[in-house]
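Visitor: Each residue of the sequence shown is one higher than the last, beginning at 1 in the working numbering.
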Amino acid sequence: MIKINRALVSVSDKTSLDKLAEVFQEFNVEVFSTGGTAKQLQQYLPEVKDL
């Protein structure tokens, strides 16, 4: 299996971002995000880096 180290996330539909954050956390993925998506993700994953 390929290990994913980093992800860039920007979505218009922000439903279920909590579940996505759980997966990122489980697999120790460093997450970068933009604007509103970053704000939403930071509720579940505080270490998200806002671009």
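For each residue, glycine too, the CB sits at the ideal point set by N, CA and C.
Using DSSP with H/G/I as helix, E/B as strand and the rest coil, what is Lys14?
Guide: The answer is coil: DSSP assigns Lys14 none of H, G, I, E or B.
Visitor: I think Val31 touches Leu45, with their Cβ atoms under 8 Å apart; what is that distance to the nearest whole Å?
Guide: Indeed, because the Cβ distance is near 6 Å, the residues count as touching under 8 Å.
Visitor: From Leu17 to Ile4, what distance separates their C-alpha atoms?
Guide: C-alpha separation (whole angstroms): 18 Å.
Visitor: Can you say whether Leu8 is buried or exposed, counting buried as having 16 or more other CB atoms within 10 angstroms of its CB?
Guide: With fewer than 16 other Cβ atoms within 10 Å, it is exposed.
Visitor: If I follow the unbroken beta strand (DSSP E) through Leu8, where does it start and stop?
Guide: It spans 6-9 - the beta strand (DSSP E) in which Leu8 sits, taken as one unbroken run.
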